[in-house]
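Enquirer: In our numbering, the protein residues as written are 1 to 256. Where a beta carbon is used, it is the ideal one built from N, C-alpha and C, also for glycine. Values in this document were obtained by computation on a predicted structure and should not be read as measured data.
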Amino acid sequence: MKKYYIVWVFTIIVTGLIAQDNPGAGDVDLDDKEKIEFYDSYDEFRNRKNKHWQGFDIGINGLMYEDGTDVPPGGYEYLQLDYGRSFYFGLNLFEVDFQINGELIKVVTGLGFDFNNFQLRSNSYMYSRNDSMIEVRDSVWNFCNNNMKNAHITVPLLLAFNTSPKNSTSYHIAFGVIGSYRLSGKQKVVYINGNLKNEILRKSPMHQNPWQVHATLRLGYGNFHIFGNLGLIDYWESGAAPSAKVWTMGIKVLPW
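1. Just list the residues that DSSP pairs G62 with in beta bridges.
2. Compare the C-beta of A151 with all C-beta atoms of chain D and state if any pair is closer than 7 angstroms.
3. Should the segment 76-89 be called in touch with the segment 114-123, which here means at least 3 C-beta pairs below 8 angstroms?
4. Terminal residues of the continuous beta strand (DSSP E) containing K186?
5. Given this structure, state the Cα-to-Cα distance separating K51 from H225, to the nearest angstrom.
6. Note down, in chain order, each residue of its chain lying with its Cβ closer than 7 angstroms to the Cβ of Y127, except the 5 sequence neighbours on either side.
7. Quick one: what does DSSP say N167 is sitting in, helix, strand or coil?
8. Assuming H207 contacts W236 under a Cβ cut-off of 8 angstroms, what Cβ separation, rounded to an integer in Å, is found between them?
9. Which of the three DSSP states, helix, strand or coil, is assigned to G222?
10. Is there contact here, the segment 154-167 with the segment 183-192, by at least three beta-carbon pairs under 8 angstroms?
11. Looking at G110 and V96, is the spacing between their C-beta atoms short of 7 angstroms?
12. Is it the case that the segment 90-105 contacts the segment 61-80, given that we only count it when at least three CB pairs across the two stretches are under 8 angstroms?
13. Can you give me the C-alpha to C-alpha distance between F56 and F89, rounded to a whole angstrom?
14. G231 bridges to which residues according to DSSP?
15. What's the call for D67, buried or exposed, on a 16-neighbour Cβ count within 10 Å?
16. Could you check if N142 is buried or exposed, using at least 16 other CB atoms within 10 Å of its CB as the buried criterion?
17. For a test of your reading of the model: does the CB of T69 fall under 6 angstroms from any non-hydrogen atom of the ligand SAM? Yes or no.
18. Of the choices D234, R202, L232 and F227, whose alpha-carbon is the least far from that of M249?
19. If V213 and L196 are in contact, beta carbons under 8 angstroms, what's the gap, nearest whole angstrom?
20. CB-CB under 8 angstroms to L205, same chain, minus the five flanking residues each way: which ones, in chain order?
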């Protein structure tokens with residue numbers, strides 16, 4: 001119930017921001033294309049306002065430990081990741097901008113969801129004991145899939161710069177922070193027993209911090225964007241596991 005209440009609060013806040021940015025939003029004029037963005041052609045879509053946040057992102061994600069590497073400290077070898085199968089997805093629903101200098105300089109916020117998939121190399125289950133995370137190694141079956149998954153609701157706060165008011169001819173840069181709250185967490189294990197594929201799904205927060213803040217940098221031209229995020233808060237709760245920050249690199253594959 002607490003999670004759904006927080007999602008509701010996020011929605012109310014962002015809705016309020018939209019109302020402030022569009023004082024007459026309650027009275028919709030279907031003939032006013034400035035209020036409702038319908039595009040009659042692809043060229044009109046390309047020349048729309050500059051967008052920095054909204055769209056569908058994909059990328060890879062990982063964990064960076066205190067020594068600046070991705071190698072977990074001794075005793076936590078089971079947290080070693082397979083980066084070829086550790087994927088990130090970002091569903092950024094919409095953005096709201098507050099213009100400082102027209103389309104050239106803006107403050108951007110919005111709402112979205114992100115999904116982390118950390119593929120583990122180990123043959124271990126993760127459990128909680130005495131407020132710490134431990135591993136239980138499976139000596140019977142060899143896992144063909146072992147990953148941590150989580151989903152967050154996200155709200156960005158970005159300072160954005162554009163070289164042109166038209167999206168299709170503009171270089172973009174935006175930087176700032178992304179705040180998020182975890183909605184779900186689980187460990188998924190798959191192993192083969194003879195001709196049968198067996199799947200174990202364990203829903204658990206696994207001592208992950210429910211709140212996260214990431215520094216972000218987004219660069220692009222037209223509809224093409226690349227981005228990088230770096231966590232400013234430990235991924236794990238203090239004392240439960242080694243200090244680590246989440247990093248993400250990716251590309252926007254579907255703008256709107």
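Expert: Taking the coordinates as given:
1. W247
2. Of the protein chains in this structure there is only one, and it is not chain D.
3. Cβ pair count under 8 angstroms is three or more, so yes.
4. Y171 to N193
5. 10 angstroms
6. For Y127, the CB contacts under 7 angstroms within the same chain, skipping 5 residues up- and downstream, are I134 and V136 in chain order.
7. helix
8. 5 angstroms
9. When DSSP states are grouped into helix, strand and coil, G222 belongs to the coil group.
10. no
11. yes
12. no
13. 7 angstroms
14. H214
15. exposed
16. Counting of Cβ neighbours within 10 angstroms places N142 among the exposed residues, the total staying below 16.
17. You won't find the ligand SAM in this model; it holds no ligand whatsoever.
18. F227
19. 43 angstroms between Cβ atoms; not a contact.
20. Rather than Leu, the amino acid found at residue 205 in this sequence is Pro. Only R182 and G185 meet the Cβ criterion.
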